[in-house]
Every structure is written in structure tokens, then in C-alpha cells.
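**Q** Just so you know, we're using my numbering here: the sequence shown kicks off at 1 and counts up by one. Yeah, the Cβ is synthetic: ideal placement off N, Cα and C, and Gly gets one too. Mind looking over this structure? Questions follow.
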Amino acid sequence: MTLNQESSLAQQDYRCAGCGCPIGLIYGPTRVCGFTGCLYCCECHLDDESVIPARVFLNGDWSKRKICHSVYTWFKEVELEPLLDAVRFNRHIYTIQRDFSNLLTLRTQLQHLSAFLLNCRTSDTSYEFRKRNYGKEYLFQQQHTYAMADLPLVQSGQLHQQLTKLATFGKQHVAGCNLCSLKGIFCIWTSHFPTLINANVLFFCRFLV
């Protein structure tokens, strides 16, 4: 995926990309949308601001850009939906952006931990794990996917803190649960910490810490 290039008045036939009314020259000022790259009239572009996902994933650019109102409204409507695949934007993101690399490690841990936690019958652990992830199951089901609402939390470090607490909760349970600790074999490389190996060759050990 790439960034949208800024359009010109001539390319738009001197018309607003939103409502189609004449813009530029004698018709009044134009405003560019930092997401679509198109030009808009002052009625369709209210100087709303947002970070641009492509700029975050491609360039590590967290600065807010002015966007047209229709894009701003759409961002608000889908802000909780896991629509942003970091790797589809930038396949090298984990080698150049440490924040996302650290989150990948945590999300990998949670994906592996979920194999224990969601199937444990000895306590309310499964319920507690689901409750803590309610509405954000994609954080452990899909390692590379984010929602718009996650981006400010990535930048501030809050998402890393939240996932660290969740991973700590999971590892403490697995280490102390008789049922979970019997579900796998013991890893000689990781102080005999339980390692799950199933049909999908799923591993969990302290090498992920």
C-alpha cells in the first residue's frame, strides 16, 4: 500500500471531490485532505484532524493531518474495527519500528497463551481472559491487525502496557495451573516451563518473553 498523491485543481476539473461544486480561482479557497489527497470546498472539509494510518505504518509519522469531513466521519464509524494490517502496509515494519516489533512479541505470546487459557476448566480463567479481551479478540487472534482506535495507544505505550499485564496474567495462570501444566511437554531450554505442542506445532515458552 502507498500514500495517496495530492490532486490538482485541473485534475479535478476545478470541482470539489465531495459535493462537486466549483472550487479555486473565483470560486473560493480549497482544502486538501491528508487521506485521499483530493481537494474540497470549505463545506466538505471542516479542518478535522487525524493520524493517517499509511503514514504511521510506512514512515512512522504520527502527526495529525487535516482531512475532509466524510473521511473523518468514516474513521469514527470504523475506529473499533480491526481493518489495518500492518504487514500489508509495510512488510518491513517490524525491523524498522520498535513499538510494533515489541507488540508483535506480546501478541505472539497471547496467541500461544490463549490455547491454554480458553480451554482451562479449573477456574474462571477462560471467562476472565475473554472479559479482558472483549471486543479486541483480534489482538491475540490476528497478530498484525489493528483498529484506528489502537493507534494512539500504540504511540503512547498504553497498548504495550495493557498487553504486558494480560500476558503476565496468562503466564502466571499457566505456571500455577495443574491442568494447563499437564497439557504439554517440558522444555529443557526454558527452566522446565510448559510447552504446548499440538497438531499445528504450537509452541509456548520463555523464549517469547
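Roughly how many whole angstroms lie between the Cα atoms of residue 226 and residue 11?
**A** Shown here, the chain extends from 1 to 209; a query on residue 226 therefore has no answer.
**Q** Quick one: which unbroken alpha helix (DSSP H) runs of 4-plus residues sit fully inside the stretch 71–110? Chain order, please.
**A** For the stretch 71–110, whole alpha helix (DSSP H) runs of length 4 or above, ordered along the chain, are 86–89, 93–96.
**Q** With a Cβ-Cβ cutoff of 8 Å, do residue 40 and residue 25 count as a contact?
**A** Not closer than 8 Å, so no.
**Q** Would you list, in sequence order, the uninterrupted alpha helix (DSSP H) runs of no fewer than 4 residues that lie entirely inside the stretch 3–67?
**A** 53–59, all fully within the stretch 3–67.
**Q** Consult DSSP for residue 145 and reduce its assignment to one of helix, strand or coil.
**A** DSSP places residue 145 in strand when its eight states are reduced to three.
**Q** Mark residue 167 as exposed unless 16 or more other C-beta atoms lie within 10 angstroms of its C-beta, in which case mark it buried.
**A** Result: buried.
**Q** Determine the extent of the alpha helix (DSSP H) in which residue 121 is found, giving its start and end residues.
**A** Residue 121 -> no alpha helix (DSSP H), and no H or E assigned at all.
**Q** For the pair the stretch 53–66 and the stretch 83–92, tell me if three or more CB-CB distances fall below 8 Å.
**A** Verdict: yes, contact present.
**Q** Thinking C-alpha only, which one of 43, 129, 103 is nearest residue 153?
**A** Comparing Cα positions, the closest option is 103.
**Q** Hey, quick one: how far does the alpha helix (DSSP H) through residue 182 stretch, first residue to last?
**A** From DSSP, residue 182 is part of no alpha helix (DSSP H); its letter is neither H nor E.
**Q** Mapping the DSSP letters down to three states, classify residue 127 as helix, strand or coil.
**A** Three-state result, residue 127: helix.
**Q** Sorted by chain position, which residues of the same chain lie with C-beta nearer than 6 Å to residue 38's C-beta, five sequence neighbours on each side aside?
**A** 7, 17.
**Q** With a CB to CB cut of under 6 Å and the five nearest residues on each side skipped, what residues in its chain are close to residue 31?
**A** If we look at residue 31 and ignore the five residues flanking it on each side, its Cβ neighbours are 40, 45.
**Q** Consult DSSP for residue 176 and reduce its assignment to one of helix, strand or coil.
**A** Here residue 176 sits in helix by DSSP.
**Q** Out of 72, 99, 73, point me to the one whose CA is closest to residue 61's CA.
**A** The shortest Cα separation from residue 61 among 72, 99, 73 belongs to 99.
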